[in-house]
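Report on the structure given below.
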Amino acid sequence: MIATIVANLLRFVVLIALQVIVLDHLDVANGWLVPYLYVLFLLMLPFELPAWSLLLAGGAMGGLMDLLSDTPGMHTTACLVMMYVRGIWQRLIAPREGYEYGMRPDVQHMGLSWTLTYAGVLVLVHHLWLFFFELHRFDRAGGTLLRAVGSATFTLVLVLLAQFLMRTDRRARA
């Protein structure tokens, strides 16, 4: 239990630092691809967490991103929407026998196809909300939609890459 809390807090700090120090300063395709790897923290929270704690974690992560990026409310609302949708989406794509206690929503435990489905939808929801909230209008909906989908795809690739890099070998523990 304590190890899980420490691992999640460490992941929180590392991903916020990486996002603010490195990723926020990337200019990929003239700003058309904006990676938000910090959402990996929210994606990897344990299945057992109640809805209120998911919303609290999303609010904390988004609020800190807003504070450090000077984007009042944008990341907070996007993370809250993502965490709200996560609870619904998680139940919809649950395995027939359900989730085992202690199982994490990552590539190592759930497999690549499940993770692509799970993370892909949640990252897309986050990015769509964030980019449309940033624009505050729909007259440039096509360009905003392309930017959101492109950035979500780029973020999803980074999420998968990070999970493969963090992967622990089960045979090494045995």
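Just so we're aligned, residue 73 is where the sequence shown starts under my numbering, counting upward by one. The beta carbon of each residue, even a glycine, is placed where N, CA and C say it ideally should be.
Under the three-state reduction of DSSP output, VAL106 falls in the coil class, being neither helix nor strand.
Non-local C-beta neighbours of PHE226 in its own chain, meaning closer than 8 angstroms and more than five positions away in sequence, comprise VAL100, LEU105, VAL106 and PRO107, ordered along the chain. Between ALA191 and ALA123, the alpha-carbon positions lie close to 18 angstroms from each other.
Cβ-Cβ distances below 8 angstroms link LEU127 to LEU152, MET155 and TYR156 in the same chain, with the five nearest sequence neighbours on each side left out; the list follows chain order. In this model, VAL195 and VAL86 are separated by some 19 angstroms (Cα to Cα).
Under DSSP, no beta-bridge partner is assigned to VAL221. Excluding its 5 nearest sequence neighbours in each direction, PHE204 has C-beta neighbours in its own chain below 7 angstroms: THR216, listed in chain order. According to DSSP, residue pairing for VAL195 in a beta bridge does not occur.
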